[in-house]
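Q: In the numbering used here, the protein residues as written are 231 to 360. Ideal Cβ placement from N, Cα and C applies to all residues, glycine included.
Structure follows, in structure tokens:
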């Protein structure tokens with residue numbers, strides 16, 4: 231992969247500099263100001279979606295685990311699909327409890343927000359915004 235360029239155009243030569251530049255780019259892209267609401271919805275009918283807000287079930291987690299593809303790269307935590315599948319019912323129960331905790335508290339663990347890779351596209355690979 232081509233070396234990443236800093237904002238000033240110089241090459242980020244170390245892994246730490248490249249990581250910092252990607253972090254800076256992602257923060258710029260994701261931390262944009264909230265758009266101002268320009269439409270008055272107060273006079274419109276509210277359409278209620280039929281949304282299931284019940285707790286996550288063991289069956290839902292079991293189906294999700296079974297749908298994981300084997301032989302794929304591990305996530306940032308190093309856990310591969312095969313390991314999760316090998317966890318059996320203990321893994322199903324643990325993940326169900328975790329998902330329900332996240333759902334009920336509306337709090338996502340900090341390490342779920344981490345990303346340690348970028349997807350390269352065609353063009354100038356040293357430009358983060360490409």
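1) For the alpha helix (DSSP H) that residue 315 lies in, which residues bound it at each end?
2) For a test of the three-state rule: what should DSSP assign to residue 241, helix, strand or coil?
3) Just confirm the distance between the C-beta atoms of residue 259 and residue 356, as a whole number of angstroms; I'd bet it's less than 8 Å.
4) Use the C-beta contact count for residue 298: other C-beta atoms within 10 angstroms, 16 or more gives buried, fewer gives exposed.
5) So, using beta-carbon positions, are residue 325 and residue 291 closer together than 8 Å?
6) Excluding sequence positions up to five away, which residues of its chain have a Cβ less than 7 Å from the Cβ of residue 330?
7) Could you round the C-beta distance between residue 300 and residue 316 to whole angstroms and report it? I think they count as a contact, below 8 Å.
8) Per DSSP, residue 292 forms a beta bridge with which residues?
9) Taking its Cβ as the centre, do 16 or more other Cβ atoms sit within 10 Å of residue 254, making it buried, or is it exposed?
A: Checking against the coordinates, here is how it stands:
1) Counting from one through the chain shown, the residue named residue 315 turns up at place 85. For residue 315, the enclosing alpha helix (DSSP H) covers residues 311-316.
2) As a first step, residue 241 is located in the chain shown; it is residue number 11 there, counting from the start. Residue 241 falls in the strand class under three-state DSSP.
3) The count along the chain shown starts at 1 and reaches residue 259 at position 29. The count along the chain shown starts at 1 and reaches residue 356 at position 126. The beta carbons of residue 259 and residue 356 sit about 17 Å from each other, so the pair does not count as a contact at 8 Å.
4) The count along the chain shown starts at 1 and reaches residue 298 at position 68. Classification of residue 298: exposed, given that the 10 Å Cβ count is below 16.
5) The count along the chain shown starts at 1 and reaches residue 325 at position 95. The count along the chain shown starts at 1 and reaches residue 291 at position 61. Remark: C-beta atoms of residue 325 and residue 291 approach each other more closely than 8 Å.
6) In the chain shown, residue 330 corresponds to position 100, counting from 1. Taken in chain order, the residues that qualify are 285 and 286.
7) One-based indexing of the chain shown puts residue 300 at position 70. One-based indexing of the chain shown puts residue 316 at position 86. Rounded to whole angstroms, the Cβ separation of residue 300 and residue 316 is 11 Å, and the two are not in contact under 8 Å.
8) Sequence index remark: in the chain shown, residue 292 carries index 62 (1-based). DSSP output for residue 292 lists no bridge partner at all.
9) In the chain shown, residue 254 corresponds to position 24, counting from 1. Residue 254 should be labelled exposed.
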